[in-house]
Amino acid sequence: QEQGANATEIWNGIKYVRPGHGFEPNFQLFAKIEANGEHEVPLYTYLKKMCPSTRDGHGETKNLHYFPLKSTDLRWNFEKFLIDRSGRPWRRFDPTFNPMDMWTHVEELVAAPTAVPGRKHIHDCL
């Protein structure tokens with residue numbers, strides 16, 4: 393979704409355009425990666441394989457610039473995955489899900505035994 397081709401372009405976009413005025417974020421920018429399509433990185437292939445999508449369909453596909461389209465694709469920025477202490481995906485959250493509302497889910501995960509829980513919610517992972 394980000395228009396910058398690399399970390400330098402993204403950094404300059406933040407510093408000079410939006411929010412601009414010389415703003416410099418206090419975090420490291422990493423290289424852009426593909427989360428969907430034939431060039432998606434293995435991490436996202438795994439996460440999407442383990443967790444069902446939060447939405448049906450892709451909406452307007454004319455704006456998508458990757459192929460093939462899969463039902464498990466991330467639909468928008470800020471889609472979130474909650475990972476357990478063993479590194480297994482535990483739950484997937486829609487981009488519109490407020491991160492502050494994740495506390496209940498984080499507390500549930502922290503209190504859970506190390507075994508993968510049974511699926512209680514539609515977006516629980518396998």
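Heads up, this note's numbering is the position in the sequence shown plus 392, with the first residue counted as 1. The beta-carbon is built from N, C-alpha and C at its ideal position, and this holds for glycine as well.
Only residues of its own chain outside the window of five on either side were considered, and among them 464 have a CB closer than 6 Å to the CB of residue 440, listed in chain order. In the three-state DSSP reduction, residue 516 falls in the strand class (E or B). Annotation: residue 454 is outside any beta strand (DSSP E) and is labelled neither H nor E by DSSP. Taking C-beta separations shorter than 6 Å and ignoring five residues to either side along the sequence, the partners of residue 427 in its chain run 436, 466, following chain order. Under DSSP, no beta-bridge partner is assigned to residue 505. Counting only unbroken stretches of 4 or more residues, the alpha helix (DSSP H) elements lying wholly within the stretch 400-478 are 434-442, in sequence order.
For the pair of segments examined, the stretch 442-453 was found to touch the stretch 476-486: the number of CB pairs separated by less than 8 Å reaches three. In the same chain as residue 472, and ignoring 5 residues on each side of it, the C-beta atoms closer than 6 Å to its own belong to 485, in chain order. Annotation: residue 414 to residue 407 spans about 5 Å, alpha carbon to alpha carbon.
The criterion of a C-beta distance shorter than 9 Å is not satisfied by residue 516 and residue 468.
Here residue 518 has 442 as same chain residues with Cβ atoms under 6 Å from its own Cβ, once five neighbours each way along the sequence are excluded.
Contact check for residue 476 against residue 501 passes: the beta carbons are separated by less than 9 Å.
Distance from the Cα of residue 470 is smallest, within the candidate group 462, 398, 491, for 491.
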